[in-house]
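**Q** Residues -6 to 474 in my numbering are what the sequence shown lists, from first letter to last.
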Amino acid sequence: MYQTTQAENEAFFAMVLPAFLDYVKQHSSTVEGIELATSLLGISSMQCLQEIGGVVKVVRVPLNMMTANVAEAEQRANDAADAANTAAGKANAAAQNASDKAAQVTAAVLDITAAKTAAVEAAQNANGKADLANSIYQTVKAWYESVSPAWTTWFEATKGDWTTWFNARKAEWPEWYNGVKAAYDTWLAAAQEAETDRQTAESTRQSQESTRQTNESTRKSNETTRQTNETTRQSQETTRQGNETTRKGNETTRQNQETTRQGNEDARISAEKGRVSAESGRESAEDARVAEFARLKTDSQAATSAANNAATAASSQAEKAALAASAANAEAQNLGKLKSDCLDATGAAQTAAQNAGEKMVEIDALVRSISGESSAAPVKMAVGVLGTISTKNKEKQRISVQLYPTYVMQNVLYQKVSGTSAMVDPSGGIIVTGTGESVFWVIPPQNTELWQQVSVNVRGPRIRLTSSGKMRLNKGKIRIV
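Following this line, the structure appears as structure tokens:
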């Protein structure tokens, strides 16, 4: 990265500085003395300072721009507050209803849990009995299947011999034959019945097993559904609690906004009362000023009459002096005799002229007293000066002063207290002589109690920066202020 030297920087600044200073001179504006209003009567706009891009200028702002739609905004705020109160009431009712529903759901869940526990215990008991019966059945079935082939083979192998032998005994032992045959038939019937009962029991067992499996599947499905419903209920409960928290937060925000609005309304009412009080004071001051002006007018009329009388007397003396001068010219031939009279007449004329001049001064003083410039003393003084002045600002700055009432003579004195950075000429113009702070006293001679102290701060030139600390450029040029 290339680092510029001090000499290169100074050469660059010397090159761009004249154009920048011309730009500042053309686009900047100063704030002159502005009369201070004591009421809003007849005022439709206000003068304000506007700063855009570092350029400061005086602009007029309409009052209706500041107070536009205030009543509508206030009504909208009240409507919004009413709507918020209504919504809060509905939200509270909904929250109470949701709490009741949650209690009902909780009770139902407890009932379902108890029923589930009983169903699980019954299913476990039934499964235990079914397993025991199935175990016994499987044991008997296994024994039967293990001995059935051997018995069947032996029976089929010996069936003919036993039949032949048994039939041969029919005639020989009829009673025995009949008894054995009856026992055999009974045993065969019992065996066939037992097989039928076994098949029926097996069918019943298979049906019951199928029913048990179906019930178990139904129980598992119901358990899955219950768990899903429980998860959904918990999720809905969490959502309800979140909504309740949000509602409480919104209610707190609404109450805070309502408190702020009431505070603003109280401040507006207090300000309005202050404005009415100030307006009453202004009207009282205006009445006093009118009465004072009437008194001054009466005094000035009397003074004017006296001045007119004095002027008439002076004119009469001047006419007599003229006649005396004319008589002196006519009697010039008799210089010895009339010299004394001429000198006396000339002295009288000079005295009359001097008296006439004095009377004119008195008349001028009376005229000034009529306008109130020489006799009226200021009751208020407004002083304005820029907070900081750059040594590169070619536009001459000044300390602006306004005495009130505005009809008094605008005379002030500027007395330096400390500092060497600036001087002030009798008209208030600031003369820059260095950098630093200079302090001045601004004193109105007609009422020295109104004196004020002002500070004039003078700084050296510097490059204007952006908010991020970088150099602010204007069309590629550095801005120095």
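All C-beta atoms in this analysis are idealised placements derived from N, C-alpha and C, irrespective of residue type, glycine included.
(1) Quick one: using the 10 Å Cβ neighbour count with 16 as the cut-off for buried, is residue 433 buried or exposed?
(2) Using the beta-carbon count (16 or more within 10 Å), is residue 167 buried or exposed?
(3) For a test of your reading of the model: does the CB of residue 231 fall under 7 Å from any non-hydrogen atom of the ligand HEM? Yes or no.
(4) By the DSSP assignment, the beta strand (DSSP E) with residue 377 in it spans what residues?
(5) Are residue 455 and residue 47 close, meaning C-beta to C-beta below 8 Å?
(6) Taking the alpha-carbon positions, what's the residue 381 to residue 246 distance?
(7) Going by DSSP in three states, residue 129 sits in which element: helix, strand or coil?
(8) Could you have a look at residue 37 and say whether DSSP puts it in helix, strand or coil?
(9) Go to residue 430, then tell me how far its beta strand (DSSP E) extends in each direction, as first and last residue.
(10) Does the structure place the region 383 to 391 close enough to the region 399 to 408 that three or more beta carbon pairs sit under 8 Å?
(11) Please list the terminal residues of the continuous beta strand (DSSP E) segment that includes residue 446.
(12) Hey, residue 49 and residue 39: beta-carbon distance below 8 Å or not?
(13) With residue 384 and residue 451 assumed to form a contact (beta carbons below 8 Å), what rounded beta-carbon distance in angstroms separates them?
(14) Return the CA-CA distance between residue 23 and residue 42, expressed in angstroms with no decimal places.
(15) On the DSSP bridge list, what partners appear for residue 397?
(16) Assign residue 435 to buried or exposed, taking buried as 16 or more other Cβ atoms, counted over all protein chains shown, within 10 Å of its Cβ.
(17) Return the residue from the list 295, 2, 341 that minimises the CA-CA distance to residue 316.
(18) In the DSSP assignment, the beta strand (DSSP E) including residue 408 goes from what residue to what residue?
(19) Determine which residues share a DSSP beta bridge with residue 55 and list them.
(20) Pick helix, strand or coil for residue 8, following the three-state DSSP scheme.
(21) Expressed to the nearest angstrom, what Euclidean distance is found between the alpha-carbon atoms of residue 412 and residue 392?
(22) Using 10 angstroms around the beta-carbon of residue 125, count the other beta-carbons present and answer buried if the total reaches 16, otherwise exposed.
(23) Pull the bridge partners of residue 391 from the DSSP assignment, please.
(24) May I have the straight-line CA-CA distance separating residue 93 from residue 252, to the nearest angstrom?
(25) Grouping DSSP H, G and I as helix and E and B as strand, with all else coil, what is residue 468?
(26) When the Cα atoms are used, what is the spatial distance from residue 25 to residue 240?
(27) Where does the unbroken beta strand (DSSP E) through residue 474 begin, and where does it stop?
(28) From which residue to which residue does the beta strand (DSSP E) around residue 383 run?
(29) Are the beta-carbon atoms belonging to residue 397 and residue 371 less than 8 Å from one another?
(30) Is the beta carbon of residue 473 sitting closer than 8 Å to the one on residue 10?
(31) Please state the DSSP three-state secondary structure of residue 403.
(32) In whole angstroms, what is the alpha-carbon distance linking residue 409 and residue 442?
(33) How many whole angstroms separate the CB atoms of residue 394 and residue 416, which I take to be in contact at a CB cut-off of 8 Å?
(34) Helix, strand or coil: which one does DSSP assign to residue 26?
(35) Based on DSSP bridge pairs, tell me the residues matched to residue 50.
(36) Where residue 211 and residue 221 are concerned, what is the direct C-alpha to C-alpha distance, given to the nearest angstrom?
**A** So, from the data block:
(1) buried
(2) exposed
(3) Although the ligand HEM was asked about, the structure shown includes no ligands whatsoever.
(4) 373 to 377
(5) no
(6) 44 Å
(7) helix
(8) coil
(9) 429 to 436
(10) no
(11) 445 to 452
(12) no
(13) 6 Å
(14) For residue 23, the predicted structure reports a pLDDT of 49, less than 50, and the residue's modelled location is therefore unreliable. A value from the coordinates is still provided. Roughly 10 Å separates the two Cα atoms.
(15) 373
(16) buried
(17) 341
(18) 406 to 411
(19) 38
(20) helix
(21) 16 Å
(22) exposed
(23) 422
(24) 32 Å
(25) coil
(26) Low local confidence applies: a pLDDT of 47 at residue 25 is under 50, so the model's placement there is unreliable, and no value is given.
(27) Careful: residue 474 lies outside any beta strand (DSSP E) and carries neither H nor E.
(28) 381 to 383
(29) yes
(30) yes
(31) coil
(32) 17 Å
(33) Not really, about 17 Å apart at Cβ, beyond 8 Å.
(34) A caution first: residue 26 carries a pLDDT of 48, below 50, which makes its placement in the model unreliable, though a value can still be read off. Residue state, collapsed to three classes: coil.
(35) 43
(36) 15 Å
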